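Residue numbers (the working numbering): 110 to 498. Using N, Cα and C, we set each Cβ at its ideal position, and we do this for glycine too. On a predicted model such as this, the values are computed, not experimentally measured, just so you know. Only one structure is covered here, and it is reproduced in the block below.
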Ligand code: CP3
């Protein structure tokens, strides 16, 4: 074989992508974000956006007239795959997150749910021991959510090493809040959660424990099916005070993450809590650093430099452009804010992993041109010569 033919074959195999298990057989390098998440030195900072697959994209909105319900779109693997790939093809993001929801495994636990087009969630709540015993159960993920396994496997095959496939779960407090409230707790200040945790903490713990075991299995199923990184959302844990957090959020975050790690030590885990009364300005970062997650996804209410000082050096940071800045622009402001994050992240002499992202999900009315500009700005960013000094 001539040198030219060999080179041609290498290029051909790289551009064709590889089957799902190729990275473990050593045929090719792992994708950028996965390597960064593992703490390897990488050629540039990877970037993606929470909620990137969804309402802000015209391609998604067009699809909703053909497939009208959220559950249909997220529970049919072909449609979910198409939606998951929309931001990858449009912006070249470094991660493809499966199009699904944190609520998706609930029916397999005995909790049916509906999401209206306006995003309103309806669940028949669990508020008594009788309801808990009669309705909630352990899940068998293999038979309960086959569409999730299928979409993850298909995404790995389609994307190859061009991007990292991200799976995700809702952590027990946040999922439990939907189960107890029967809707989003944001609507009434988590009133039912507060009541149950005072009047019957034992029942609340039983609900949280069962959810823990279920979503741990569910995360492992996602990893076996093709997810290369798992993001754990405890979005609403910032709405409870330090005492409740230490009882009803932190122990379950630790348990879920340590069990996934025990079963899949090489899969990086990211944890995220949304801005809430008790989590803004980095108020829960110290606790998040105790969960065993490899990376903390910080919200936009904390300055990156402040976060860096709270989060221990061995824990990576994801984030944290303000989604409203991305939505409202102008482009110059998006560039300036993004470069400010880079400048602060670069001062980490320890070489801590950084994944660029937003501080919360992309706003549904964000112009696609702004999202495209943000991704391009990150991917083309040239570090100043003396960065890191
Ligand atoms: O936003 C967060 O804090 C992330 C955690 C979270 C997800 N779903 C992850 C998600 C939460 C809290 C939910 C619940 C949920 N699901 C809500 C919020 C309701 C409330 O309490 O106010 C809503 C509106 C849904 C329904 C839903 N899920 C829609 C409309 C979409 C499409 C994306 C969009 O926002 O347009 C989803 C997808 C979804 N939810 C993803 C994830 C990780 C997958 C896609 C992605 O991240 O790109």
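Ranked by Cα distance from residue 443, the first of 387, 482 and 205 is 482. When only Cα atoms are considered, residue 206 and residue 157 end up about 9 Å apart. Residue 423 has its Cβ no nearer than 7 Å to any heavy atom of ligand 1. By the criterion of at least three beta-carbon pairs nearer than 8 Å, the segment 257-274 is not in contact with the segment 215-225.
Contiguous beta strand (DSSP E) elements confined to the segment 311-385 occur at 338-342 and 378-381, taking only those with 3 or more residues.
The beta carbons of residue 153 and residue 488 sit closer together than 8 Å. Counting every other CB atom within 10 Å of its CB across the protein chains shown gives residue 340 a total of 16 or more, marking it as buried.
Taking 3 residues as the minimum length, the beta strand (DSSP E) runs contained wholly in the segment 410-494 are 425-427, in order along the chain.
The criterion of a C-beta distance shorter than 8 Å is satisfied by residue 204 and residue 273.
Under the DSSP assignment, residue 192 falls in the alpha helix (DSSP H) whose first and last residues are 186-200.
Cα atoms of residue 464 and residue 312: separation of roughly 38 Å, rounded to the nearest angstrom. Going by DSSP, residue 204 is part of the beta strand (DSSP E) stretching over 204-206. In this structure, residue 325 lies away from residue 363, with their beta-carbon atoms at least 8 Å apart. With a contact defined as Cβ atoms closer than 8 Å, residue 184 and residue 256 qualify at about 5 Å.
Residue 472 is positioned such that its CB atom lies no closer than 8 Å to that of residue 446. Going by C-alpha positions, residue 240 is about 13 Å away from residue 291. Between the beta-carbon of residue 468 and that of residue 429 there is about 4 Å, and that keeps the pair under the 8 Å contact cut. Judged by DSSP in its simplified three-state form, residue 252 adopts helix. Taking 4 residues as the shortest admissible run, the segment 208-269 contains the following complete alpha helix (DSSP H) segments, listed from N- to C-terminal end: 238-244, 250-253 and 255-268. A straight line joining the alpha-carbon of residue 293 with that of residue 493 spans about 45 Å.
Note: residue 154 is not bridge-paired with any residue in the DSSP secondary-structure output.
Within the same chain, Cβ atoms closer than 8 Å to the Cβ of residue 351 are found at 387, the five residues on either side in sequence being excluded. Taking each of 315, 176, 143 and 155 in turn and checking the Cα distance to residue 451, the smallest one comes out for 155. With a 10 Å radius around the Cβ and a threshold of 16 neighbouring Cβ atoms, residue 459 comes out exposed. If you draw a straight line from the Cα of residue 223 to the Cα of residue 402, it comes to about 31 Å.
Judged by DSSP in its simplified three-state form, residue 277 adopts strand. Setting aside the 5 residues that flank it on each side, residue 404 is surrounded in the same chain by 146, 377, 378, 379, 380, 424, 425, 426, 427, 462 and 464, each with a C-beta closer than 8 Å to its C-beta; the list follows chain order. Inter-residue distance for residue 280 and residue 168 is about 30 Å (C-alpha atoms, whole angstroms).
In this structure residue 408 is buried. Its beta-carbon is surrounded by 16 or more other beta-carbon atoms within 10 angstroms. Shortest Cα-Cα distance from residue 406 to any of 344, 369 and 306 involves 344.
Classified as buried, residue 197 has 16 or more neighbouring CB atoms from the shown chains inside 10 Å of its CB.
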